[in-house]
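Counting in this note's numbering, the sequence shown runs from 728 upward without gaps. Glycine residues also receive a C-beta, built at the ideal position from the N, C-alpha and C atoms. Reviewing the structure listed below.
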Amino acid sequence: MAAAPAGARDGATAAAARAVEEEARALLPSPAPGRGCDDEEDLEERAYEAAEKVIVCISDGPDPENGDDGDAALCSSSGAAPPFSWRKLWLFTGPGFLMSIAFLDPGNLEGDLQAGAVAGDTLLWLLMWATAMGLLVQLLAARLGVATGRHLAELCRDEYPDWARRALWLMAEVAMVGADIQEVIGSAIAIKILSRGYLPLWAGVVITALDCFIFLSLENYGVRKLEAVFAFLIATMATSFAWMFTDTKPNGKDLLIGILVPKLSSRTIRQAVGVVGCVIMPHNVFLHSALVQSRKIDQNKEYQVREALRYYSIESTIALAVSFMINLFVTTVFAKGFYGSKEAGNIGLENAGQYLQEKFGGGFFPILHIWGIGLLAAGQSSTITGTYAGQFIMGGFLNLRLKKWVRALITRSFAIVPTIVVALFFNTSDSALDVLNEWLNVLQSIQIPFALIPLITLVSKEQVMGVFKIGPNTQAVTWTVATLLITINGYLLMDFFSSEIRGPLSGSLLCVAVLVYASFVLYLILRGTELSEKIVKAIRNSFS
């Protein structure tokens, strides 16, 4: 057979290349209005397109000839923020409440009810201080996103070498899947409660997955619409658990003592570790650094950045104060009903509603259904934010410029498929679900350093943050908090594995895994320091 002419082969190759390019372009989002496709920034994944961002500028006498937006006239040459405005606080309100959902997910609620049932009101002080530590971490995440205009996953992509970036991405995805399984299972349990057992766990998982896409589709109508849905779900949780709180009539004096007087015993140490360990969710650090970019802020104008940081700090503090009150309601209800009882050690997320019903009865509206409504709101809201975080993590680390629905579908698939398997396997066993929940908590505890350490490293670097890098005193406080959280979770891991791992082979494998894990954590801490440079130089000299 005669060979095809070179021109024909070249033409066929070019046509095939164009076809592949057109297919790839079909998956890409359209460029934002007013931006050209040739813009270098359009080649990078962004949390929000320019057209999606909420405009927070309030004009106070603009000067169009000089390009002044009005607020600038109120600011000093030092870059100070404009005067406080309630209207602007309202415009900035939203990202902090979405972030606070991670403090209210079903995993946290299970930690609350177990702490209340086993330790009574004695760990409320720890819950308050753990929430304060969580607030500090989330404020750093917001600071990073506002000052740089990029979120944590994007900055990690540029900061670390390829092997470390891929390892951090894998850790973030594993943590995300673990959290998502807990959240979806929690929502499915609520659906089973409210359907009076008619719908099994796997059906609740499918319903939750579909609901998640419906809620996320609201973002097409604007970020504020999605934020309004979250506000409704948080209000539902607050109302449900406050209703339970008033129904059970807890002792006000015990409540106040529990908040103000630190008290810890060897019998409640595991619950105490669980309370602190539930505060930092690795995916939530990535999420908050991206959510704050939903407002239109010019990073080149120092006063706008300072203003955004001020309003986000106020909003995040209010949001976590609300989450603390909701967690307090749950802990106090179970402390009132089951502290010191024989059922205290057996209560988990699956059977908590039934125990409440047997203890406190029905009334006008059965407490079982009130618990189910609150749990459903917690599960639905946390699965949506989980999917949201998964999109940012995948897009940021891998620089995938896919359409949002494609990324959401991929992210959901990572979690829904194993969750359906889990639901089918554990559908009839309360104790098995509790064991699964313990393993998932361990899985997320392992990932905490891989979100905290890069965050603190980046907000401390002037090359990344400019004038907004944190000072030495703040660095000392944040590293102390990070060390405390990592140590507490390390205790949880050692306690868990010491009871679960048996035999020399399993022990050897665990030692190797711990060595690799500790080496990577140490690398993240020391990277870029003088000590790490000396170590690298010594290693190179030994092989030369």
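query: On the premise that Asp839 lies in contact with Gln909, defined as a C-beta separation below 8 Å, what is that separation, rounded to the nearest angstrom?; result: Gln909 to Asp839, Cβ: 14 Å. No contact.
query: How is Leu988 classed by DSSP in three states: helix, strand or coil?; result: A small correction: the amino acid at residue 988 is Val; Leu does not occupy that position in the sequence shown. Val988 falls in the coil class under three-state DSSP.
query: Could you pull out every residue in the same chain whose Cβ sits closer than 7 Å to the Cβ of Gln1031, ignoring the five residues on either side in sequence?; result: Ile1024, Asp1025
query: Answer with buried or exposed for Gly761, where buried requires no fewer than 16 other C-beta atoms within 10 angstroms of its C-beta.; result: Reliability of the predicted coordinates at Gly761 is poor, the pLDDT of 35 falling under 50, and the value obtained from them is presented with this limitation in mind. The residue is exposed, with fewer than 16 neighbouring Cβ atoms inside 10 Å.
query: To the nearest angstrom, how far is the alpha carbon of Gly1106 from that of Val932?; result: 11 Å
query: Within the continuous alpha helix (DSSP H) that includes Glu1070, where are the two ends?; result: That residue, Glu1070, is in no alpha helix (DSSP H); it is neither H nor E in DSSP.
query: May I ask you to list the residues that DSSP assigns as paired with Arg1022?; result: Val781
query: Do the CB positions of Ile1120 and Phe1013 come within less than 8 Å of each other?; result: yes
query: If you scan the segment 914-992 from start to end, which runs of the alpha helix (DSSP H) of 4 or more residues do you find wholly inside it?; result: 928-944, 950-975, 979-987
query: Look at the alpha carbon of Phe1065 and the alpha carbon of Val1133, and state the distance between them as a whole number of angstroms.; result: 46 Å
query: For Phe1056, tell me which candidate among Ala842, Ala1178, Ile1137 has the shortest Cα-Cα distance.; result: Ala842
query: If we call anything under 8 Å between Cβ atoms a contact, is Ser827 one with Leu1047?; result: yes
query: Hey, would you say Ala894 sits closer than 8 Å to Phe1124, going by beta carbons?; result: no
query: Just to confirm the assignment, what range does the alpha helix (DSSP H) spanning His1340 have?; result: Because the chain is modelled from 728 through 1271, residue 1340 falls outside the range shown and cannot be assessed.
query: Rounded to the nearest angstrom, what separates Arg814 and Ile1045 at their Cα positions?; result: 16 Å
query: Once you ignore the five residues that flank Ile1228 on each side, which residues in its own chain have a CB closer than 7 Å to its CB?; result: Gly1234, Leu1237
query: Taking its Cβ as the centre, do 16 or more other Cβ atoms sit within 10 Å of Asn1027, making it buried, or is it exposed?; result: exposed
query: May I ask you to report which of helix, strand or coil DSSP gives Ser1246?; result: helix
query: Leaving out five residues on either side along the sequence, give the residues of the same chain with a beta carbon under 6 Å from the beta carbon of Glu748.; result: In this prediction, Glu748 has a pLDDT of 44, which is less than 50 and means its spatial position is unreliable; what the coordinates show is noted afterwards. The answer is none, since no qualifying residue turns up.
query: Going by other Cβ atoms of all chains shown within 10 Å of its Cβ, with 16 needed for buried, is Gly1001 buried or exposed?; result: buried
query: So, Ala1017 versus Gly872, is the Cβ gap smaller than 8 Å?; result: yes
query: So for Met1052, helix, strand or coil by DSSP?; result: helix
query: What does the alpha-carbon distance come out to for the pair Ile1053 and Leu953?; result: 21 Å
query: Roughly how many angstroms lie between the CA atoms of Thr966 and Ser1108, to the nearest whole one?; result: 15 Å
query: Do the CB positions of Gly1117 and Thr1146 come within less than 8 Å of each other?; result: no
query: Please state if the CB of Leu867 and the CB of Val1186 are separated by a distance shorter than 8 Å.; result: yes
query: Using DSSP with H/G/I as helix, E/B as strand and the rest coil, what is Glu776?; result: coil
query: Secondary structure at Asp832, three-state DSSP: helix, strand or coil?; result: coil
query: What residue range does the alpha helix (DSSP H) around Val1000 cover?; result: 996-1004
query: Check the C-beta distance from Lys990 over to Thr858 and give it rounded, since I have them as a contact under 8 Å.; result: The pair is not a contact, with the Cβ atoms about 18 Å apart (cut-off 8 Å).
query: So Ser1172 and Gly985 are supposed to be a Cβ contact under 8 Å. How far apart are they, rounded?; result: Ser1172 to Gly985, Cβ: 25 Å. No contact.
query: Taking Tyr1115 as the reference, give the member of Leu825, Glu779, Phe819 with the closest Cα.; result: Leu825
query: Return the CA-CA distance between Gln1081 and Arg923, expressed in angstroms with no decimal places.; result: 11 Å
query: Scan the segment 1182-1243 and note each continuous alpha helix (DSSP H) run of 4 residues or more that stays entirely inside, going in chain order.; result: 1189-1192, 1199-1227
query: When we look at the beta-carbon of Gln865 and count the other beta-carbons within 10 Å, is it buried (16 or more) or exposed?; result: buried
query: Contact defined as beta carbons within less than 8 Å: I believe Trp1275 pairs with Met971. What is the distance between those atoms, to the nearest angstrom?; result: Since the first residue of the chain shown is 728 and the last is 1271, residue 1275 is not available in this structure.
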